[in-house]
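Chemist:
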Amino acid sequence: MGNNEKTNRYDIEQINEARRLSGLKEIRTKGRSCLRCGRKFVSEGDHNRLCDTCRKVSVSEFV
Ligand SMILES: [Zn+2]
Numbered sequence: 357m358g359n360n361e362k363t364n365r366y367d368i369e370q371i372n373e374a375r376r377l378s379g380l381k382e383i384r385t386k387g388r389s390c391l392r393c394g395r396k397f398v399s400e401g402d403h404n405r406l407c408d409t410c411r412k413v414s415v416s417e418f419v
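For this note's numbering, add 356 to where a residue sits in the sequence shown, where the first one is 1.
#1: With DSSP run on the structure shown, which of helix, strand or coil describes residue 381?
#2: Mapping DSSP to helix, strand and coil, what is residue 395?
#3: Taking only three categories from DSSP, how would you classify residue 388?
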């Protein structure tokens, strides 16, 4: 096991900024904010209230 945490996070605001610069429409999200860290993220559904980062953290807490 390695503690090498490489975070591949998809920051929707960064993506949209890049899309704006490219003249593309912004991606519309459900505008959900993570209950834990408050970051905006793309929600998969109503069951999904935590961003990927926090979900990984909360999962690992139970392992
Ligand atoms: Zn979070």
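Even for Gly, the Cβ is constructed at its ideal location relative to N, Cα and C. Only a predicted model underlies this, so the values are computations on that prediction, with no experimental measurement involved.
Modeler: Short version:
#1: coil
#2: coil
#3: strand
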